[in-house]
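Chemist: Pasting a structure here, questions to come.
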Amino acid sequence: MADTSPKVCTVNFGKGAQDISVYKSLGGYSNVGKRLFDLSQFELIDLVTRSGLRGRGGAGFPTGMKWSFVPRGGKPVYLVVNADEGEPGTFKDHFLMLEDPHRLIEGMLICGWALGVRTAYIYVRGEFLSAVESLNKAISQAYAAGLLGANIGGSGYSLDIYVHRGAGAYICGEETALINSLEGCKGQPRLKPPFPAVSGAWSSPTCVNNVETIMALPWILENGPEAYAAIGVGRSNGTKVFSVSGDVKRPGVYECALGLPIMEMLESEQFCQGVIGDLKGVIPGGSSTPVLTTAEASDAKLDYESLAAKGTMLGSGAIIAFNSSRNVVTMLQSLTRFYAHESCGQCTPCREGTGFANRVMKTVVAGKGRDTDLQLLLDLCEGFTPTTICPLAAADAGPIESFTKKFRADFEAAIARNPERAEERLHPNFRPGAFW
Amino acid sequence: MSNYYHMPKLPSADSLRVTINVDGKDVVVPGDTNLIEALRSVGIETPHFCYHPHLPLSGNCRQCLIETEGPRGMGLAIACYTPVRAGMKVATPASSPKVAKARKTVMEFQLVNHPLDCPICDKAGECLLQENYMQAGQGESHVREDIGKQYHGAPEHRFEDTKGQDRGGKDIDIGPRIILDEERCILCDRCVRFMRHVAGDEQLYIAARGDHAFITTFPGKKLDHAYDLNTTDICPVGALTSKSFRFKHRVWNLQHTPSIDPTDALGANIWIDHDGGTVYRLMPRCNSDVNRSWIANSTRAAFEALSTNRLLDGRLQGKTVTRSEALRHMMEKLQSAKKVALVSSGHLTLEDNAAMLSLAGVLGPRAEVFGGSWLPVAKPDGIALSGDPVPNRRGVSLLGIADNLDQLVSRAAEFDVVLLAETDLWFADSKQAKALEAIPNRLVLSAWDTASVKAATCAVGINAWAEVRGCMVNIAGRLQMMQAAPVSPVDALEPAWQTLSHLAGSDWNEVIEAWKFATGICSPLASIKYSAIGSSGLQLPPSGAHT
Numbered sequence: 292m293a294d295t296s297p298k299v300c301t302v303n304f305g306k307g308a309q310d311i312s313v314y315k316s317l318g319g320y321s322n323v324g325k326r327l328f329d330l331s332q333f334e335l336i337d338l339v340t341r342s343g344l345r346g347r348g349g350a351g352f353p354t355g356m357k358w359s360f361v362p363r364g365g366k367p368v369y370l371v372v373n374a375d376e377g378e379p380g381t382f383k384d385h386f387l388m389l390e391d392p393h394r395l396i397e398g399m400l401i402c403g404w405a406l407g408v409r410t411a412y413i414y415v416r417g418e419f420l421s422a423v424e425s426l427n428k429a430i431s432q433a434y435a436a437g438l439l440g441a442n443i444g445g446s447g448y449s450l451d452i453y454v455h456r457g458a459g460a461y462i463c464g465e466e467t468a469l470i471n472s473l474e475g476c477k478g479q480p481r482l483k484p485p486f487p488a489v490s491g492a493w494s495s496p497t498c499v500n501n502v503e504t505i506m507a508l509p510w511i512l513e514n515g516p517e518a519y520a521a522i523g524v525g526r527s528n529g530t531k532v533f534s535v536s537g538d539v540k541r542p543g544v545y546e547c548a549l550g551l552p553i554m555e556m557l558e559s560e561q562f563c564q565g566v567i568g569d570l571k572g573v574i575p576g577g578s579s580t581p582v583l584t585t586a587e588a589s590d591a592k593l594d595y596e597s598l599a600a601k602g603t604m605l606g607s608g609a610i611i612a613f614n615s616s617r618n619v620v621t622m623l624q625s626l627t628r629f630y631a632h633e634s635c636g637q638c639t640p641c642r643e644g645t646g647f648a649n650r651v652m653k654t655v656v657a658g659k660g661r662d663t664d665l666q667l668l669l670d671l672c673e674g675f676t677p678t679t680i681c682p683l684a685a686a687d688a689g690p691i692e693s694f695t696k697k698f699r700a701d702f703e704a705a706i707a708r709n710p711e712r713a714e715e716r717l718h719p720n721f722r723p724g725a726f727w
Numbered sequence: 017m018s019n020y021y022h023m024p025k026l027p028s029a030d031s032l033r034v035t036i037n038v039d040g041k042d043v044v045v046p047g048d049t050n051l052i053e054a055l056r057s058v059g060i061e062t063p064h065f066c067y068h069p070h071l072p073l074s075g076n077c078r079q080c081l082i083e084t085e086g087p088r089g090m091g092l093a094i095a096c097y098t099p100v101r102a103g104m105k106v107a108t109p110a111s112s113p114k115v116a117k118a119r120k121t122v123m124e125f126q127l128v129n130h131p132l133d134c135p136i137c138d139k140a141g142e143c144l145l146q147e148n149y150m151q152a153g154q155g156e157s158h159v160r161e162d163i164g165k166q167y168h169g170a171p172e173h174r175f176e177d178t179k180g181q182d183r184g185g186k187d188i189d190i191g192p193r194i195i196l197d198e199e200r201c202i203l204c205d206r207c208v209r210f211m212r213h214v215a216g217d218e219q220l221y222i223a224a225r226g227d228h229a230f231i232t233t234f235p236g237k238k239l240d241h242a243y244d245l246n247t248t249d250i251c252p253v254g255a256l257t258s259k260s261f262r263f264k265h266r267v268w269n270l271q272h273t274p275s276i277d278p279t280d281a282l283g284a285n286i287w288i289d290h291d292g293g294t295v296y297r298l299m300p301r302c303n304s305d306v307n308r309s310w311i312a313n314s315t316r317a318a319f320e321a322l323s324t325n326r327l328l329d330g331r332l333q334g335k336t337v338t339r340s341e342a343l344r345h346m347m348e349k350l351q352s353a354k355k356v357a358l359v360s361s362g363h364l365t366l367e368d369n370a371a372m373l374s375l376a377g378v379l380g381p382r383a384e385v386f387g388g389s390w391l392p393v394a395k396p397d398g399i400a401l402s403g404d405p406v407p408n409r410r411g412v413s414l415l416g417i418a419d420n421l422d423q424l425v426s427r428a429a430e431f432d433v434v435l436l437a438e439t440d441l442w443f444a445d446s447k448q449a450k451a452l453e454a455i456p457n458r459l460v461l462s463a464w465d466t467a468s469v470k471a472a473t474c475a476v477g478i479n480a481w482a483e484v485r486g487c488m489v490n491i492a493g494r495l496q497m498m499q500a501a502p503v504s505p506v507d508a509l510e511p512a513w514q515t516l517s518h519l520a521g522s523d524w525n526e527v528i529e530a531w532k533f534a535t536g537i538c539s540p541l542a543s544i545k546y547s548a549i550g551s552s553g554l555q556l557p558p559s560g561a562h563t
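Going down the list, the protein sequences come from chains A and B. Numbering-wise, my numbering comes out as the position in the first sequence, counting from 1, plus 291. Numbering-wise, my numbering comes out as the position in the second sequence, counting from 1, plus 16.
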C-alpha cells in the first residue's frame, strides 16, 4: 500500500538525491537566492516561529524561540547541526544524511541566513562513516555550484560548512558537551547558564539544532509556515521522522504527521506492517523515555502533548516495540549498562549512581536480587535525577522507574529466584556510610 | 575544561552589601560573590569538594546543593555556581528537608565507590570526605557486598584483593614527590584545574569516563612541577599524598603555627606543622593578597633544614666551645675594636636588624652597618615566588640600611672586627668574601653550620626562622608576622635579636622591646602595634607616602 502520509524530510528518499543535479531537478536549492535573501532575518525567524516547528532532537523546544535568543551584532554566531545520534533505538538522522544530504545543506543555509552565521558545523557521530562521506561529497558539490562559500548567489552572504566527527560518546548529543567536544575538549556538559545561544562554541552565540529540525526548513520556506502548521495536531505541528525497531515486521525510518496513533505506526501496511508476536510494550521515543504497556500504547498518539499526558515523551522518535518473548529485566539491565557506560563521569551522582544502578540490575539478572532492590533502584533514581549537571542521569531514571513500575511482576519473579532474597542486607546497627 | 571556565568571585572589604533571605531570615551578605562565600560570611558552612576559592569553578561534586528561587519556583542549585542576587530566597538544610536529603544522597554517591581506608589513610583527620560526612552524610548506606564497588583506577593498576573484589589503583608513583591512590579519588578535578590554571602546565587529566574514570598523567610522563605538592593540599581525600609527609605523623597530633616563607621575598604565608618539637611539614596559609592558597615546593622543603646541620653551640678558632664562651669572646672583641663592620641580614626579621642597629648605636662612631646580599635574584614566577631569595630585603632597607656589601669588600682593610648575622657571604660568593678574611676578627651569628661559620674566628648558634617571632616586609611592602613554633632543637638557643642585645649590653627579654626600638627609628613603622598586623599582614603605604 502506498505511503500517503505527508513528507517533509524524507520526500527525496530512494531518488538518488545525494547528487546535486538530481536534488536540483527535484526542486532543491530553488529558493536559495532571491526568495531566501529577500527575507530579513526577523521575517525568517518569524516564519519559522509561525510554522510551529519544534526541535526534533528530543526536547521539542520551539525552534523559532530558540533562534530568537541568539544575540546579534556582537561576537560571530555559529550554527552547529547535532548529528551525534546516540540514543539507543534512534537511526533517523543517519538515513536522512545518507539519503538527502543536500536538504541538510539547504536547511543550514536558511538557518545560517536567519542568524547571520558565517561558519557552521555538522557534528556527526563518529561511527557514521558513510554519512560523513555522503555529507562531504554533497558539501563539495555545493561549493562547486556556488551554494556555499563566499558571496552565495551574488547575495553577499557567505557560509562555510565543516563536518566534524565525534569520538563516540552518547553524552556529546547534549548540546554543551557537543560544543566542548567540538572545541577539542573532553565531551562533558557545561554548567548552565550561560546557554549556548548566548555563549556556546568559543564563548560565542551558538545555535545547536538537530538534523531533522534543519531539514524541515527548506519545505517550510517552499510551502509556507501555514502549510507546515496545518500538518499535525494541537501544538505538535508538522511531521516527524520515526525510527521504528524491535518486534515489528518491517522496522525502518518512517515519516508521518504528528498525532498518528502509535498502533497505526506499528500495524499499518504503509509503515511497520504489524507486530511480531503479542505486543508487551513500546518505548515511544528512544531508550530514555518511559516505556508504555500495550494497554497504554493502544490509545497513545505520536505527538508531544499526548505522550506527555501518558507520562512519557516523544523524544527523538525512536519507537522500540517488544513482544512477550522478551525478558524486560534483561532489557532494563541492557539500558542501565548503557547509561552507566555512557555517563561522562563529571558529576558525582550520575557517575556513581548510574554505575550503582547497573550493578544492582546485574545482581537481579543474575538471580541474586533482594526484595528491597526495586525500592533501592527507585531511591537511586530519586537521588540522581535532580542533582546532576545534565539530564543523562534522568534519562537512566526514565526506563528504570517505568520498567520496574509497569512490569513489576517480571521483576518480582526475577528476584524470587534468589532464595536469600529476604535476608537483612546488613546488621541493623551497622551504619556503614564512610566505613564500608 | 573549556574557555567558559571562570574564577569564583570572592568578597572583599568593599563588596556591595545586599540583603538575601536565608531560611526565612533576612541577612546582609556581600553582593558580588557566590552563595558558598556569602553563606560563609554569615557563618553558614556549605559542604563541598570541588569548589576552591582560588580555582576556576567546576561544579561537579554537587555536594553544595541549596534551594533557591528559579523560573519554576524553589529548586535545587549548587551554591558554588549560584551568584548572589539582592532579595533572593535561599534554603539550606536548616529549613529544607529536600536540601538535606539531596546532600545526603550525593554524599552516599561519593562513598559508594570509596574504599574503607581511613585507618591507613594519611588524609584521615583533614579529609573533606570525613568532615562533610559528619555534616551532610551519616545516612544508612544502600551498598551491600554482593553488589560490590567499582573502585576507580586505571586498567593496568587494577587487582583482585583477598576477598575477590576487583580493586582500583593503589600506591602509584605518579611523580618524584607524590603518590597517587586512584581508589580514593572522588574525581573532583581540583588537581587537574590547579595544574592547568595555576601551575600553567597541564600534567594531570581525568581519563576514561563514568565510574571507570581515573586521574592520571599523560602516557610516559610524570607529575613533576615546581608547585605540584599543592595538589596534595587541595586533594579533598587521600588520593594525592606527599612522599615526604606520608606515614610520618597523624595530622590530628600536629600543632599549627602561622609563619611566612623564609626562602623568598614574596613572603608566602605558611603554617608550620609541628609536634613534640619536630617540624613535620610546611603548608600554605591562605592569603588572597599574597600567595592565595599556594606555595612552591622549594618553600615546603625549607623545614628539612631546621633539623639539618644546625649550629647549636659556639665556635672559637674552629673549635667547639659553649655559647657563653663564644659570646664572651665576641663581647671582648667588640669592646676593644677600633672599627666594627656590622652586616645586617635580609634573612632576619625587622626585630633582629633593629637589634643590630641598637648595637651600632652602643658602639657609636666605631661601628658601621652594611647590608645587602650576593645571592642571585631570579624572575618572579607569578604564583608564590618573587625570585628574590632574601625574604626581608625590603624591611632592611626600610630600616635605613643601604645595600652596600661591595663597599665592605673594598674597604675591608679599615676594619678590625666584622659581625655577620645569618648572612652566609662565603656561600653566596666565596671569591668576594675572601677579601673579608683580611679582617682579623670575623664574628658570626648563625643558625646553621655554614661556610661563613667555618670562615669565622668566632661563631655562635642562634634560633632559626621557625623558632622566632618577628616581622618581615615582603617585596610588595606588606608587613607580615611570623610566630615562633616551639621547635628549637636546644633550649639554650636564643633569637638573633636577643643575642645582639646581649652584645649591646641591653639585655632585651621580649621581642616587643626590639619591635619598639624598630618603630622608634623607622617612620613607616611608627606606632604600628603587633596587634595591627593581623594574620594576613598589613600593607605599608608606598615609600613616597610617609614623611
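C-beta atoms are modelled at their ideal positions from N, C-alpha and C, and glycine is treated no differently.
Closer than 7 Å by beta-carbon distance: list the chain B residues that pair up with F647(A), in chain order.
Modeler: Here the neighbours are V128.
Chemist: Taking the beta carbon of N325(B) as the centre, do at least 16 other beta carbons fall within 10 Å, making it buried, or is it exposed?
Modeler: N325(B) is exposed by the Cβ-count criterion.
Chemist: Does DSSP classify T695(A) as helix, strand or coil?
Modeler: The answer is helix: DSSP assigns T695(A) an H, G or I state.
Chemist: What residues from chain A crowd round C251(B), counting only those whose CB sits closer than 7 Å?
Modeler: Per Cβ cutoff of 7 Å: no residues; C251(B) is ~16 Å from chain A at best.
Chemist: Helix, strand or coil for L239(B) per DSSP?
Modeler: Three-state result, L239(B): coil.
Chemist: Measuring alpha carbon to alpha carbon, tell me which residue in G644(A), P367(A), R456(A), F386(A) is nearest S449(A).
Modeler: Checking every option, the nearest Cα to that of S449(A) belongs to P367(A).
Chemist: Counting C-beta neighbours from all protein chains within 10 Å, is the total for T473(B) 16 or more, i.e. buried, or is it exposed?
Modeler: Classification of T473(B): buried, given that the 10 Å Cβ count is 16 or more.
Chemist: Per DSSP, what kind of secondary structure is N614(A) in: helix, strand or coil?
Modeler: N614(A) falls in the strand class under three-state DSSP.
Chemist: Assign P171(B) to one of two classes, buried (16 or more other C-beta atoms within 10 Å of its C-beta) or exposed (fewer than that).
Modeler: When all chains shown are included, P171(B) counts as exposed.
Chemist: Does G565(A) come out as helix, strand or coil in the three-state DSSP assignment?
Modeler: In the structure shown, G565(A) sits in coil (DSSP, three-state: anything other than H, G, I, E or B).
Chemist: Whose C-beta lies closer than 8 Å to the C-beta of Y519(A) among residues of the same chain, with five residues either side of it excluded?
Modeler: Closer than 8 Å at the Cβ level, and outside the excluded window around Y519(A), lie V299, S342, G343, L344, A507, W510, I511, N528, G529.
Chemist: Compute the Euclidean distance between the alpha carbons of L32(B) and I549(B), then round it to the nearest angstrom.
Modeler: Between L32(B) and I549(B), the C-alpha separation is close to 25 Å.
Chemist: So that I know if they touch, is there some Cβ in chain A lying closer than 7 Å to that of A561(B)?
Modeler: Its pLDDT being 45, under 50, A561(B) is placed unreliably by the model, and nothing is read from it.
Chemist: For N457(B), which three-state DSSP category applies?
Modeler: Note: N457(B) maps to strand in three-state DSSP.
Chemist: Could you tell me the alpha carbon to alpha carbon distance between A534(B) and S522(B), rounded to whole angstroms?
Modeler: So the two alpha carbons sit approximately 15 Å from each other.
Chemist: Using 7 Å as the limit for Cβ to Cβ distance, is V503(B) near chain A?
Modeler: Judged by the 7 Å Cβ criterion, V503(B) is not in contact with chain A.
Chemist: List the residues of chain A whose Cβ lies closer than 9 Å to the Cβ of F125(B), in chain order.
Modeler: The contacting residues are T639, P640, C641, R642, E643, G644, F647, L671, G674, F675, T678.
Chemist: Mind checking which residues open and close the alpha helix (DSSP H) that includes G398(A)?
Modeler: Taken as a continuous stretch (DSSP letters only), the alpha helix (DSSP H) holding G398(A) covers 392-406.
Chemist: Going by Cα to Cα distance, which pick from I462(A), A588(A), D590(A) is closest to I680(A)?
Modeler: The candidate whose alpha carbon is nearest that of I680(A) is I462(A).
Chemist: At the 7 Å Cβ level, is H158(B) part of the contact set with chain A, yes or no?
Modeler: Closer than 7 Å: yes.
Chemist: Please state if the CB of R526(A) and the CB of I163(B) are separated by a distance shorter than 7 Å.
Modeler: Their beta carbons are not under 7 Å apart, which means I163(B) does not touch R526(A) by this criterion.
Chemist: Which same chain residues, not among the five before or five after T340(A), have their C-beta less than 6 Å away from its C-beta?
Modeler: Counting only Cβ-Cβ distances below 6 Å, and skipping sequence neighbours, we find G355.
Chemist: Quick one: is V499(A) near chain B, going by C-beta distance under 7 Å?
Modeler: No, V499(A) lies away from the interface with chain B (no Cβ there is under 7 Å from its Cβ).
Chemist: Nearest to L671(A) by CA position, among S157(B), A140(B), H64(B), V58(B), is which residue?
Modeler: Considering only alpha carbons, the answer is S157(B).
Chemist: What first and last residue would you give for the alpha helix (DSSP H) that runs through A468(A)?
Modeler: Here the alpha helix (DSSP H) through A468(A) covers 466-473.
Chemist: Using 8 Å as the Cβ pair cut-off and three pairs as the minimum, do the segment 409-425 of chain A and the segment 597-616 of chain A touch?
Modeler: Verdict: no, contact absent.
Chemist: Work out the CA separation of L516(B) and V551(B) for me, nearest whole Å.
Modeler: The amino acid occupying residue 551(B) in the given sequence is Ser; Val does not appear at that position. Approximately 27 Å between the Cα atoms of the pair.
Chemist: Identify each residue in the segment 285-312 of chain B for which the Cβ-Cβ distance to at least one residue of chain A is less than 7 Å, and report them in chain order.
Modeler: Cβ contacts with chain A: none found.
Chemist: Per the DSSP calculation, V359(B) is bridged to which residue(s)?
Modeler: Paired residues: F386(B), L436(B).
Chemist: Just to confirm the assignment, what range does the beta strand (DSSP E) spanning I276(B) have?
Modeler: First-last of the beta strand (DSSP E) with I276(B): 271-276.
Chemist: Scan the segment 618-635 of chain A for residues whose Cβ lies nearer than 8 Å to a Cβ of chain B and list them as they occur along the chain.
Modeler: Those residues of the segment 618-635 of chain A that come within reach of chain B (Cβ to Cβ, closer than 8 Å) are A631, H632, E633, S634, C635.
Chemist: With distances taken Cα to Cα, identify the nearest neighbour of L26(B) among D39(B), V34(B), I52(B).
Modeler: For L26(B), the nearest C-alpha among the options comes from I52(B).
Chemist: Cβ-heavy atom distance between G407(A) and the ligand PLP below 6 Å?
Modeler: The ligand PLP is absent from the structure shown, which contains no ligand whatsoever.
Chemist: Can you give me, in chain order, the residues of the segment 524-543 of chain A that have a beta carbon less than 7 Å from any beta carbon in chain B?
Modeler: If the cut-off is 7 Å between Cβ atoms, the segment 524-543 of chain A has nothing near chain B.
Chemist: When burial is assigned at 16 or more other CB atoms within 10 Å of the CB, is R409(B) buried or exposed?
Modeler: R409(B) should be labelled buried.
Chemist: Is there a Cβ from chain A that is less than 7 Å from the Cβ of C77(B)?
Modeler: Closer than 7 Å: yes.
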